[in-house]
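Remarks on the structure that follows.
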DNA sequence: TTACAATCCGGACCGGGGTCCGCTTAACGT
DNA sequence: ACGTTAAGCGGACCCCGGTCCGGATTGTAA
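Residue numbers (the UniProt record's numbering), protein chains in the order written: chain U, 1 to 228; chain A, 1 to 228.
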């Protein structure tokens, strides 16, 4: 079972906007673009699909900055209000755009083959997790960056929570005596898209250095011998 | 010599807005409110003072959210454009508000008494640094949070850079073989105001736990024996 | 087929950040 | 005192994210 609720949870009534509610965290798979969302009126589903398609086209043709709520609405021949009802806010829309990749990634570390998936020792999985995250973020950097929620919700946004919980779990296995809750925040900080962008694009660091640093960090934190 | 240039550097001409320029990082001390900025026309200095005072009053009376550029301008009997020319953007204004405390803090770890200042062994100084940061951020949380720059400039904003450089320096002394540049990013992540806010306010963690986690993290990263 | 209720739609509207440019004024040389 | 000029000023203006609500659509039950 994969987490996927951050989209269906977003646009309930509308008068009562969103506020991520509880944590109905476990839902079955389902693509974002192929709009198989449940309980959506025909026209609503159609518009939802149109909107995602329009947004994707915009980001492809003119970059993430061009993904204005108005622009998306216009490109999808739909009212602005519709965009907000469906996706809550800009972050929600961008997040929806990343939903597919997100779920694939979750599947990989929750149920895929080792060392990313279960089967390998936790430290090994941590190393693999970081490498995978770094590469994924590096590829989708523009979108990931644009989808970053404002300083507040940066830690409550569901996708991040899932990743962090996973790291925390691995940490508990590797270093049970530590404060893994907080340690997971620390590790995830190293994988923050904004940081990756800053280091690779603005500082010109090669991605490999980030990967090395991640592995090194994991080793230090878990007290593992620097296996390099 | 303390860093203090992030304010005087912000509002040069105006047609050419800001863009942090090079790094004229070392400038002498000087209070923010007592407007002793150099090369400012009399009226400009006066307005600058008025603006800072108005902003401070607003944040005190109605919270940081009420610090609207328009509101500040109005409260200072000044045009909106003036606020932007002087401080660049909202973040700049809020940063200016924190300037005094910032400089005091810098003075403490650059030239103050050990263990925060020079004299103590680097690991000791790191521990003290984290504790100090946590307490300071916890006190000024609202402002710190409001002053947080958008995802982009989060790592290029001068005040943060100085802190990070300091941590990197201490790290180089403590663990010369590590990638201290990246490690400093990791450590600073643990002291991010947004994270502190999330953990203490939203998750209800006591500040002491954050302090313990910091010390533990420093120990792990530097390979120090968990001296607790 | 018709009627009804729940859901959805769309665009007018609002507030706030940021920009622009014609006018004003402080600073300085004579 | 006066003229010149660069610096400063202010508010109209634009864009965008987000909200609201009267009216249109859909699904359904009779």
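Heads up, the beta-carbon is just placed ideally off N, CA and C, and yes, glycines get one too.
{"Query": "Given 8 angstroms as the limit, is there contact between the region 47 to 67 of chain A and the region 77 to 85 of chain A, that is, 3 or more CB pairs closer than that?", "Result": "yes"}
{"Query": "Within the region 66 to 109 of chain A, note down every full alpha helix (DSSP H) run reaching 4 residues or more, in order along the chain.", "Result": "69 to 75, 80 to 87"}
{"Query": "From the DSSP secondary-structure annotation, give me the bridge partner or partners of residue 118 (chain A).", "Result": "A:120"}
{"Query": "Does any C-beta atom of chain U lie closer than 8 angstroms to the C-beta of residue 235 (chain A)?", "Result": "Residue 235 (chain A) falls outside the range modelled here, since chain A spans only 1 to 228, and no answer is possible."}
{"Query": "Express the C-alpha separation of residue 171 (chain U) and residue 183 (chain U) in angstroms, rounding to a whole number.", "Result": "8 angstroms"}
{"Query": "What is the rounded straight-line gap between the Cα of residue 64 (chain A) and the Cα of residue 56 (chain A)?", "Result": "9 angstroms"}
{"Query": "Return the CA-CA distance between residue 92 (chain U) and residue 67 (chain U), expressed in angstroms with no decimal places.", "Result": "12 angstroms"}
{"Query": "Beta-carbon separation of residue 100 (chain A) and residue 155 (chain U) under 8 angstroms?", "Result": "no"}
{"Query": "Taking the beta carbon of residue 34 (chain U) as the centre, do at least 16 other beta carbons fall within 10 Å, making it buried, or is it exposed?", "Result": "Only weak support is given to the placement of residue 34 (chain U): the predicted model assigns it a pLDDT of 43, under 50, and the question is left unresolved by the model."}
{"Query": "So, with DSSP's three-state summary, where would you put residue 47 (chain A)?", "Result": "helix"}
{"Query": "Give, in chain order, every residue of the region 207 to 223 of chain A whose Cβ lies closer than 9 angstroms to some Cβ of chain U.", "Result": "209, 210, 212, 213, 214, 216, 217, 220, 221, 222, 223"}
{"Query": "Let me confirm a value: residue 104 (chain U) is counted as buried when at least 16 other C-beta atoms fall within 10 Å, else exposed. Which label applies?", "Result": "exposed"}
{"Query": "Is any beta-carbon of chain U found at less than 8 angstroms from that of residue 258 (chain A)?", "Result": "Any question about residue 258 (chain A) goes unanswered here, given that chain A covers just 1 to 228."}
{"Query": "Taking the C-alpha atoms as reference points, what is the distance between residue 149 (chain U) and residue 89 (chain U)?", "Result": "10 angstroms"}
{"Query": "Could you say which of U:176, U:94, U:217, U:132 lies nearest to residue 107 (chain U) if we only look at CA atoms?", "Result": "U:132"}
{"Query": "May I ask you to list, following chain order, the residues of the region 63 to 96 of chain U that have a beta carbon less than 7 angstroms from some beta carbon of chain A?", "Result": "none"}
{"Query": "Return the CA-CA distance between residue 224 (chain U) and residue 94 (chain A), expressed in angstroms with no decimal places.", "Result": "43 angstroms"}
{"Query": "Could you work out which residue in A:187, A:47, A:194 is closest to residue 214 (chain A) when comparing CA atoms only?", "Result": "A:187"}
{"Query": "Whose C-beta lies closer than 8 angstroms to the C-beta of residue 195 (chain A) among residues of the same chain, with five residues either side of it excluded?", "Result": "189"}
{"Query": "Is it buried or exposed, residue 77 (chain U), if we count other Cβ atoms within 10 angstroms and call 16 or more buried?", "Result": "exposed"}
{"Query": "Output yes or no for whether 8 angstroms exceeds the beta carbon distance between residue 58 (chain A) and residue 74 (chain A).", "Result": "no"}
{"Query": "At what residues does the alpha helix (DSSP H) containing residue 156 (chain A) begin and finish?", "Result": "Looking at the DSSP string, residue 156 (chain A) is not in any alpha helix (DSSP H), and its letter there is neither H nor E."}
{"Query": "Taking only three categories from DSSP, how would you classify residue 192 (chain U)?", "Result": "coil"}
{"Query": "In the structure shown, what three-state DSSP assignment does residue 59 (chain U) receive?", "Result": "helix"}
{"Query": "Of the residues that make up the region 178 to 190 of chain U, which ones have a beta carbon closer than 9 angstroms to any beta carbon in chain A?", "Result": "178, 179, 181, 182, 183, 185, 186, 187, 188, 189, 190"}
{"Query": "Under 8 angstroms between C-beta atoms, does residue 140 (chain U) make it to chain A?", "Result": "no"}
{"Query": "Throw me the rounded Cβ distance for the residue 43 (chain A) and residue 178 (chain U) pair, which I believe falls under 8 angstroms.", "Result": "Contact doesn't hold; Cβ gap of about 57 angstroms is too wide."}
{"Query": "Here's the rule: buried if 16 or more other CB atoms are within 10 angstroms of the residue's CB, otherwise exposed. What is residue 17 (chain A)?", "Result": "Because residue 17 (chain A) sits at a pLDDT of 38, beneath the cut-off of 50, its placement in the model cannot be relied upon, and the following sentence gives the value as read from the coordinates. It is exposed - the Cβ of residue 17 (chain A) has fewer than 16 other Cβ atoms within 10 Å."}
{"Query": "When we look at the beta-carbon of residue 206 (chain A) and count the other beta-carbons within 10 Å, is it buried (16 or more) or exposed?", "Result": "exposed"}
{"Query": "Which residues in chain U sit within 7 angstroms of residue 148 (chain A), going by Cβ to Cβ distance?", "Result": "151"}
{"Query": "Using only alpha-carbon positions, find the residue among U:165, U:142, U:167, U:162 that is nearest to residue 62 (chain U).", "Result": "U:142"}
{"Query": "Drop a sphere of 10 angstroms on the beta-carbon of residue 39 (chain U), count the other beta-carbons inside from all chains shown, and report buried for 16 or more, exposed for fewer.", "Result": "exposed"}
{"Query": "Hey, would you say the C-beta of residue 93 (chain U) is under 7 angstroms away from at least one heavy atom of the ligand PLP?", "Result": "Among the components of this structure there are no ligands whatsoever, and the ligand PLP is therefore not found."}
{"Query": "What's the gap between the Cα of residue 152 (chain U) and the Cα of residue 192 (chain A)?", "Result": "12 angstroms"}
{"Query": "Tell me the rounded alpha-carbon separation between residue 102 (chain A) and residue 159 (chain A).", "Result": "8 angstroms"}
{"Query": "What are the boundary residues of the alpha helix (DSSP H) that includes residue 209 (chain A)?", "Result": "207 to 222"}
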